[in-house]
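Counted from 1, the sequence shown has number 3 at position 4 by numbering that gives the first Met the number 0; the numbering is strictly sequential. Step one of this worksheet: look at the structure below.
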Amino acid sequence: MKAIHHLQLRSNCLYLGGEGNNAEKLSGGFYDHTFIPEFAGEYFRHKYFAITYILKGHGVFKDHCARSFDYREGDLVFRHADTPFFMSKCFREDGWLEFSAALPQSLSDALLAAGVLRKDLTFLSPGISPALLGMAEAYTDSLFCVNKNAGAAQAYAAILNFLDELARSTVPENFAGTPKEMGQLEQVRQLLDDVSDTTPLPLLARRIGMGYENFRKSFRRRFGLSPQEYRIQRRLDQADALLRHTRLSIKEIAGRLGYSDITAFSRQYRKFRRVPPSSGRDALPPAAGSAAFPGVPGR
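So, in structure tokens, the structure goes:
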């Protein structure tokens with residue numbers, strides 16, 4: 000724990016590309032218990048992507064995939080934009096310490112599209128890493144740059160370095176499968192990414208030469224979700240995009256995503272997002288079009 004003793008409690012925020020509600024948020028720094036209420040915990044839903052790296056303290060984190068994690072020092076959580084989460088925080092005797100970064104949704108959308116991030120990846124355990132702490136400090140330093148544009152560029156570079164180091168130092172999928180098994184599971188994962196594919200899961204397992212129960216368990220160890228949960232999350236991710244970027248009715252969205260009716264879609268959306276589908280339209284500007292969203296089949 001010696002690596003955290005020199006850290007300075009400080010944070011700052013840059014607003015980019017506009018004023019007021021139209022500006023994107025780029026903020027973060029190191030926070031202690033004076034900033035965060037003890038035992039605070041309720042469901043929230045932010046309009047930005049956030050990284051929290053726990054350096055002192057412990058608690059419970061529940062993500063938008065309905066998974067619960069007991070976290071402690073050295074753990075890290077991702078809170079994706081427009082997804083609900085719960086995070087309780089309990090202090091150690093010497094308080095609380097975390098590094099947090101809030102990033103513009105445009106950046107997180109680009110990282111998701113590039114495969115750098117996955118929306119179902121919300122929890123990692125890198126441990127207390129001097130390398131990650133150094134990049135966290137570099138990110139925080141950039142937020143105090145006199146030139147806002149230069150500071151934003153430096154912050155983006157620092158957080159990308161942070162994510163790169165995180166990817167190399169952690170293995171979120173605890174699955175020691177053979178190369179053949181890894182390839183088979185990746186093949187199915189790509190099929191499940193296509194929300195228009197409704198092939199029954201047992202049939203997908205047979206196609207790759209695996210028994211269904213073995214396939215289901217191996218898939219969960221590899222990707223952190225069961226095949227059915229993964230399929231649901233991909234559908235709901237696409238639903239979020241359609242709700243945010245089109246004027247399609249909820250009934251039309253349900254049909255495009257393969258639901259039998261609007262009731263089935265609304266029930267599943269509320270179960271996993273903890274809000275009704277209509278809440279996903281709150282930030283949609285009036286001028287948004289109703290053209291089909293790329294990658295989603297027409298009616």
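Cβ coordinates follow ideal geometry from the N, Cα and C atoms, glycine included. Here the structure is a predicted model, which means the values were calculated and not measured.
Practice problem: Could you tell me whether the Cβ atoms of Tyr-47 and Ala-80 are closer together than 7 Å? | Solution: yes
Exercise. Verify whether the separation of the beta carbon atoms of Phe-271 and Ala-109 is less than 7 Å.
Key: no
Quiz prompt | Span of the beta strand (DSSP E), counted from its first residue to its last, around His-244 | solution = Run containing His-244: none in the beta strand (DSSP E); it sits in the alpha helix (DSSP H), 226-244.
Quiz item: Which full runs of the alpha helix (DSSP H) of 4+ residues lie inside the stretch 136-219, going along the chain?
Solution: 147-168, 178-192, 200-206
Quiz item: Which residue comes first and which comes last in the alpha helix (DSSP H) that contains Arg-272?
Solution: 261-272
Exercise. Check the DSSP bridge columns for Ile-53 and list the partner residues they point to.
Key: For Ile-53, which the question treats as bridged, DSSP gives the partners Glu-97.
Practice problem: Please name the residue, chosen from Ile-158, Thr-197, Phe-264, Asp-239, that lies closest to Pro-103 on a Cα-to-Cα basis. | Solution: Ile-158
Quiz item: Less than 7 Å separating the beta-carbons of Pro-125 and Ser-168?
Solution: For Pro-125 and Ser-168, yes; Cβs fall inside 7 Å.
Practice problem: For the beta strand (DSSP E) holding Leu-13, just list the boundary residues, first then last. | Solution: 9-15
Exercise. Going by DSSP, name the residue or residues bridged to Lys-61.
Key: Ser-67, Phe-85
Quiz item: Considering only residues of the same chain and omitting the five flanking positions on each side of Asn-146, which have a CB-CB separation below 6 Å?
Solution: There are no such residues.
Quiz item: Which partner residues of Ser-26 appear in the DSSP bridge assignment?
Solution: Per DSSP, Cys-12, Ala-101.
Self-check item: Nearest-angstrom Cα separation, counted from Asp-193 out to Gly-27
Solution: 35 Å
Quiz item: Is Leu-256 close to chain C, meaning its C-beta is less than 7 Å from at least one C-beta of that chain?
Solution: In the structure shown, chain C does not exist; there is a single protein chain.
Quiz item: Using the beta-carbon count (16 or more within 10 Å), is Arg-230 buried or exposed?
Solution: buried
Self-check item: Length of the line joining the Cα atoms of Asn-226 and Thr-33
Solution: According to the sequence as given, residue 226 is Pro; it is not Asn. Each residue's alpha carbon lies about 42 Å from the other.
Self-check item: Nearest-angstrom Cα separation, counted from Thr-121 out to Arg-215
Solution: 21 Å
Quiz item: Just the Cα atoms here: how many angstroms apart are Gln-186 and Asp-236?
Solution: So the two alpha carbons sit approximately 20 Å from each other.
Quiz prompt | Cβ contact (3+ pairs, closer than 8 Å) linking the stretch 197-214 and the stretch 246-254 | solution = no
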